[in-house]
Amino acid sequence: MIKLITVLVAVFAAVAAVEGDYRMPVKVIFRAFCSACKWFISDPIFMLLQDDEFRAVTDIQYVPAAAMTETATGGVTCYGGKEECEGHLWMACILDRFKTSPKITGIHMACFESDESGYTWQGKVAYCFSDAADVAALTECKANQALPLLRELMVVAKANEGPWQPYTIVDDIVLGSATVGVSLDMVKDEICRHFNGPAELLPAYCMNVAGVVLRTPPPVTATDPPAAEKVTVQVVWRAYCPACQWFFSHPFYQVLSDAAFQAIVDIELYPSGSTKETSPGVFTCTGGASECAGHLYMSCALRLFPQLHDVAANFKCMEESSDTWDRRMAACFSGPGLEKIKACFGSDESKRYLHDYVAVTSTMDTPWMPYIKVNGKVQGTATTGVGYDMLTKAICDAYDSEVNRPSVCAPLGKEPAKGASTESAAAVVAAVVQTTTLAVSTAAVPVQTTLQVVKAKEKKPVMPCRQKEKGFVYEDPPGIGVPVTGGTPSEARAAGGVATPIKLSSSTPSSIITNPLLLPVLLIGGLLYAALRYYSKPDKKDL
């Protein structure tokens, strides 16, 4: 009997361990009763733990030990002084006593941090704990075990804390910044994006977070033939160069919006063409500060919304617009998505993201933009842009399997008929108008969520931007605004636009000839001359 009980305990322990594997770790490093910490613990985190679905997939770790140090005598000091340390000691005991019940822990921690429980720690204990046994146990813990428990929390805090409190980490991803607080939705969204457990445990809320459902596909059965390795498509570009704009708005958008191609490609995007980091967090771009702003925004968009259908819609919208970057973001994102993209751009996160992209592209030779590789093979030339046919053929040729093979690809091992490699594929797709509804979150995507693809004869690609041509500049730099007529570039910027280039002739006409007053002066002069001639005749003098 004892052996049976031992086996059952071991089984339950193993099951519990397996269940714990998919719980999303959430660390909250904070100081007792700091204003932002007080709100965060008693509102977003409290609400998260009262949600049964999220509590089942989340492993919350409270760490009330931010900005603490240990003294030479074995004591501890806190940023907020002795009273703050007192609060940390009480919280260490609360966390230890109720560690088996996250929901109850959330209730007590929210009460302890709220104003309603009073402004003395002893008063908070009396207010938040009605059970005499709890009060007695916490009091005994505070007197005898609190300091060792707090030291354990200090170890966690020192290994993870940042320059602000509360410091929130979801699966190694830091949320918020020194100027942007973390909302309940931000925590939930990050948990949804990184959850990799059973699909049936995915909270219903996550169904509205872009791409989350794609993270838990049905398992592959043993009878399924093995698929080939995905094809790597690498794109380096400059924000809003004409060729890049066309590429993202047409061929690349069509490919990324096609579920068949989504299944077989790995996309590597680098919005850092021509960008250099002159010092930590300081960037220069060929197109000026406005181009750098675009690269920062795009770096944020890639990190915040990495799902392929999001990338397709977001970058098509951003590259098609001719407005300033802030207005462009407002047109392409809405709600929480817009808030996230603005918060990222305004923080050091955008600089860190762009730094990572520049670190890669600074080692590459990219003589034109966009610079595109498919499985390491360069596509197009400095004078030939990459269109839909060229891009899809390169992907199809590189994909070595019939499993998940897109219908526009020729069967493996068979080349299309000579002279029909692109036209036949175009004709097949031209015969069908395919309407695909993209599963995109309203928080992260442009207004359009329905793609109507009519693949007729492909338009000629825009010639690539000549990256290294001396003196090459865009006629309409990004972020400055709509074109205006005439004026110097500085005057145009002041007016909210960019000066239209003036077409110079081989010889400059005289300013006298081009003067608008010339014709009236000549007419008046002619009349005066005629009058003088008339009155100067002898027969007129006798009158």
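Counting with mature numbering (1 follows the signal peptide of the UniProt record, and there is no 0), you get residues -20 to -1, 1 to 523 for the letters of the sequence shown. Don't be surprised by glycine CBs; every beta carbon is placed ideally from N, CA and C.
For Ile40, the uninterrupted beta strand (DSSP E) run begins and ends at 38 to 43, by DSSP. Beta-bridge analysis with DSSP links Lys79 to no other residue. Gly326 is the residue among Gly326, Lys320, Pro316, Ile153 whose C-alpha sits nearest the C-alpha of Ala273. With contact defined as three or more Cβ pairs closer than 8 Å, the region 41 to 52 and the region 105 to 121 are not in contact. Given a length threshold of 4 residues, each whole run of the alpha helix (DSSP H) inside the region 261 to 293 is given here in chain order: 269 to 284. In its chain, beyond the 5 residues on either side, Glu257 have a beta carbon closer than 7 Å to the beta carbon of His335.
Within 10 angstroms of the beta-carbon of Lys62 lie fewer than 16 other beta-carbons, which makes it exposed. Boundaries of the alpha helix (DSSP H) around Asp328: 328 to 341. Annotation: Ala243 to Gly268 spans about 37 Å, alpha carbon to alpha carbon. According to the DSSP assignment, Leu155 belongs to the beta strand (DSSP E) that extends over 153 to 155. Only residues of its own chain outside the window of five on either side were considered, and among them Tyr333 have a CB closer than 6 Å to the CB of Arg283, listed in chain order. In this structure, Val167 lies near Leu155, with their beta-carbon atoms less than 8 Å apart.
Here the alpha carbon of Gln145 sits roughly 42 Å from the alpha carbon of Thr346. Counted as a single uninterrupted DSSP element, the beta strand (DSSP E) harbouring Pro5 occupies residues 4 to 9.
In this structure, Glu33 lies near Pro183, with their beta-carbon atoms less than 8 Å apart.
Secondary structure of Asp169 (DSSP, three-state): helix. As a beta-bridge residue in DSSP terms, Ile247 pairs with Val213. With respect to Ile247, Val291 sits close: the two C-beta atoms are nearer than 8 Å.
Closest option to Ala362, judged by alpha-carbon separation, among Pro441, Thr80, Thr38: Pro441. As the crow flies, the alpha-carbon of Gln234 is around 35 Å from that of Tyr2. Beta-bridge partners of Lys256 (DSSP): Thr264. Taking one beta carbon from each stretch, the region 158 to 173 and the region 19 to 37 have 3 or more pairs nearer than 8 Å; the two touch. Under DSSP, Tyr147 shares a beta bridge with Ile9.
Sorting Gly67, Met349, Val56, Phe78 by C-alpha distance to the C-alpha of Cys224 places Met349 at the top. Taking every protein chain shown into account, the CB of Gln102 has fewer than 16 other CB atoms within 10 angstroms, so this residue is exposed.
With a minimum length of 3 residues, the unbroken runs of beta strand (DSSP E) contained wholly in the region 52 to 138 fall at 56 to 58. Membership of Glu141 in any alpha helix (DSSP H) is not indicated, and neither H nor E is assigned to it by DSSP.
Apart from sequence neighbours up to five positions away, the residues of its chain that approach Asp328 with a beta-carbon distance below 8 Å are Ser157, Gly261, ordered along the chain. Around Thr266, the same chain offers Ser254 as residues with beta carbons nearer than 6 Å, after the five sequence neighbours per side are excluded. DSSP, read as helix, strand or coil, puts Thr372 in helix. Between Met4 and Val43, the C-beta spacing is not below 8 Å. Beyond the five residues adjoining it in sequence on each side, Leu392 comes within less than 6 Å, by CB distance, of Glu382 in the same chain, given in chain order.
For the pair Ala126 and Ala46, the CB atoms are not nearer than the 8 Å cut-off. A direct Cα-Cα distance of roughly 15 Å separates Gly60 from Tyr99.
For Val358, the enclosing beta strand (DSSP E) covers residues 357 to 359. Contact between Val216 and Thr341 holds, since their C-beta atoms are separated by about 5 Å, short of 8 Å.
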